[in-house]
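Undergrad:
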Amino acid sequence: MRAFKSHIAIFTLLMMLSCIEPYTPKISEVPDPVFVVEGLITDEPGPYQVTVSKTIPLNRTSIDDKISGVTVYIDEKEGLTEVLGEADPGIYETSAIQGKVGSSYRVRLELGGKTYSSTWETLEASPAMDSLKTQVVNLGKDNENNNINAVEYLVSFDGSEQEGRFFRYNFEETWLARSTYPSYYEYLGFDQKATRDPQIRRCYKSRNIHPTTLLSTSELSTNSIEDYVLKTISGEDERYVHRHTLLVSQLAMDEEEFNYWQLVKEANEDIGTLYDKQPYTVYGLSLIHI
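Numbering (the numbering used here), first residue to last: 2 to 291.
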């Protein structure tokens, strides 16, 4: 009986160990890379940027995806056409054109002796944000019975029927960071040091917050929103200890683009566990070979 129990224990241990073995799927090689074009034009003053890159194999360690030497145009329907200059490798920038609400635009590229063009897209009008405010909410208590707080950012607007009903929000945050311990001296080398002046204990940091937030009023009777929670961030984060500010951009778009961003959001969030959605390919707006 004892030997039988010992065998059961060993067998169970082997089964437990086998559950954590890594699995490396076979990745098929893509013979030819696909080039990718990313850009944004708004009714705010430029310059606007268009990035031209290419896909790379998943197992490649170096990332050299930008494509230089492309001739990039932005066309305004019945208006201006501008040739973009290459500001950095693969990054092309405007110098004159500015988007106008109600006008239609497209991007054209000359690459490898061929010309590609996007379809015409109309610049939607975005309602003005009436308010952007914060509130502190309680999320419960931790194991030591301390309150867990969070900061919510809420937006309100009252748009007209002629303005857009599909929106994407971008966020850029800036906060004051302080080191835990001060640095009084600066090491100069060869066992030499000097008193640090000025102090470097404080600095400001900025970054873009991902992912973006999507909002639609298409199923509402009016094109208006009141105190919609755009973003919730833990109040225990170091970013909220001293000073914090959030720059919010509200971008209006058509339904087709909104559905694309919705698919991107679904494909990149809530994945990784047994019952989550499986990753899948999301296709953007295709360029036409002309």
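All C-beta atoms in this analysis are idealised placements derived from N, C-alpha and C, irrespective of residue type, glycine included.
Predicted model only: the values in this text are computed from it and were never measured.
Starting from the C-beta of Val37, find all residues in its chain whose C-beta is less than 6 angstroms away, skip the five residues before and the five after it, and write them out in chain order.
TA: Numbered from 1 along the sequence shown, position 36 holds the residue referred to as residue 37. Once the five neighbours on either side are set aside, the close Cβ partners of Val37 are Ser54.
Undergrad: Check the C-beta distance from Val230 over to Glu153 and give it rounded, since I have them as a contact under 8 angstroms.
TA: Taking the first residue of the sequence shown as 1, we reach residue 230 at position 229. Taking the first residue of the sequence shown as 1, we reach residue 153 at position 152. Yes, Val230 and Glu153 are in contact; Cβ-Cβ is about 5 angstroms, under 8 angstroms.
Undergrad: Please report the residue range of the beta strand (DSSP E) in which Leu124 lies.
TA: Here residue 124 refers to the residue found at position 123 of the sequence shown. Unbroken run through Leu124: none, as it is neither H nor E.
Undergrad: Under 8 angstroms by Cβ, that's how I've got Met130 and Val156 pegged, so tell me the actual separation to the nearest angstrom.
TA: Taking the sequence shown and counting its residues from 1, the one referred to as residue 130 is at position 129. Taking the sequence shown and counting its residues from 1, the one referred to as residue 156 is at position 155. 6 angstroms between Cβ atoms; contact.
Undergrad: Can you tell me whether Phe167 is buried or exposed, with buried defined as 16 or more other CB within 10 angstroms of its CB?
TA: As a first step, residue 167 must be located in the sequence shown, where it is residue number 166. The residue is buried, with at least 16 neighbouring Cβ atoms inside 10 Å.
Undergrad: Is it buried or exposed for Thr135, if we count other Cβ within 10 angstroms and need 16 for buried?
TA: What you label residue 135 is simply residue 134 of the sequence shown in a count that begins at 1. Exposed, by the Cβ-count rule.
Undergrad: With DSSP run on the structure shown, which of helix, strand or coil describes Tyr261?
TA: Mapped onto the sequence shown, residue 261 falls at position 260. In the structure shown, Tyr261 sits in a helix (DSSP, three-state: H, G or I).
Undergrad: Thinking C-alpha only, which one of Gly165, Glu94, Pro90 is nearest Gln50?
TA: If you number the sequence shown from 1, residue 50 lands on position 49. Ranking Gly165, Glu94, Pro90 by Cα distance to Gln50 puts Glu94 first.
Undergrad: Suppose the cutoff is 8 angstroms on Cβ atoms and the five residues either side in sequence are ignored; what does the same chain contact list for Ala195 look like?
TA: On the sequence shown, position 194 is the one that residue 195 refers to. So the qualifying residues of the chain are Tyr186, Glu187, Leu189.
Undergrad: Applying the 10 Å Cβ sphere with the 16-neighbour rule, what's the burial state of Trp262?
TA: As a first step, residue 262 is located in the sequence shown; it is residue number 261 there, counting from the start. Trp262 should be labelled buried.
Undergrad: Using only the alpha-carbon positions, how far apart do Ala178 and His245 sit?
TA: Counted from its first residue, the sequence shown places residue 178 at position 177. Counted from its first residue, the sequence shown places residue 245 at position 244. Spanning the two alpha carbons is a distance of roughly 9 angstroms.
Undergrad: Under the three-state reduction of DSSP, which class applies to Ala129: helix, strand or coil?
TA: Here residue 129 refers to the residue found at position 128 when the sequence shown is read from its first residue. Reduced to three states, the DSSP call for Ala129 is coil.
Undergrad: Quick check: Leu110 and Thr82, are their CB atoms within less than 8 angstroms of each other?
TA: Counting from one through the sequence shown, the residue named residue 110 turns up at place 109. Counting from one through the sequence shown, the residue named residue 82 turns up at place 81. Their beta carbons are not under 8 angstroms apart, which means Leu110 does not touch Thr82 by this criterion.
Undergrad: Whose CA, out of Asp192, Thr213, Pro183, lies closest to the CA of Gln200?
TA: For this step, residue 200 is matched to residue 199 along the sequence shown. Comparing Cα-Cα distances from Gln200 to each of Asp192, Thr213, Pro183, the minimum goes to Pro183.
Undergrad: In this structure, how does DSSP classify Asn139 when only helix, strand and coil are distinguished?
TA: Looking up residue 139 in the sequence shown gives position 138. Strand.
Undergrad: Figure out for me which residue from Ser225, Lys67, Thr52, Ser69 has the closest Cα to the Cα of Ile75.
TA: Indexing the sequence shown from 1 puts residue 75 at position 74. It is Thr52.
Undergrad: Looking at Pro128: is its Cβ nearer than 8 angstroms to the Cβ of Asp89?
TA: Taking the first residue of the sequence shown as position 1, residue 128 is located at position 127. Taking the first residue of the sequence shown as position 1, residue 89 is located at position 88. Contact flag unset, no.
Undergrad: Report the rounded CA-to-CA distance for Glu256 versus Arg202, giving the unit in angstroms.
TA: Stepping through the sequence shown from its first residue, residue 256 is reached at position 255. Stepping through the sequence shown from its first residue, residue 202 is reached at position 201. Answer to the nearest angstrom: the Cα atoms are 47 angstroms apart.
Undergrad: Would the beta-carbon of Leu252 fall within 8 angstroms of that of Glu173?
TA: Along the sequence shown, read from residue 1 onward, the residue named residue 252 stands at position 251. Along the sequence shown, read from residue 1 onward, the residue named residue 173 stands at position 172. Result no, Cβ atoms of Leu252 and Glu173 do not sit closer than 8 angstroms.
Undergrad: Is Val137 near Asn150, with beta carbons less than 8 angstroms apart?
TA: If you number the sequence shown from 1, residue 137 lands on position 136. If you number the sequence shown from 1, residue 150 lands on position 149. Against a cut-off of 8 angstroms, the Cβ pair of Asn150 and Val137 comes out as a contact.
Undergrad: Which word fits Ile64, buried or exposed, when buried means at least 16 other C-beta atoms lie within 10 angstroms of its C-beta?
TA: Position 63 of the sequence shown, counted from the start, is the residue given in the question as residue 64. So Ile64 counts as exposed.
Undergrad: So, are the CB atoms of Asn144 and Thr213 less than 8 angstroms apart?
TA: In the sequence shown, residue 144 corresponds to position 143, counting from 1. In the sequence shown, residue 213 corresponds to position 212, counting from 1. Cβ distance not < 8 angstroms, so Asn144 and Thr213 don't count as in contact.
Undergrad: Gly40 lies in the beta strand (DSSP E); which residues open and close that run?
TA: Taking the first residue of the sequence shown as 1, we reach residue 40 at position 39. Gly40 -> beta strand (DSSP E) spans 36-40.
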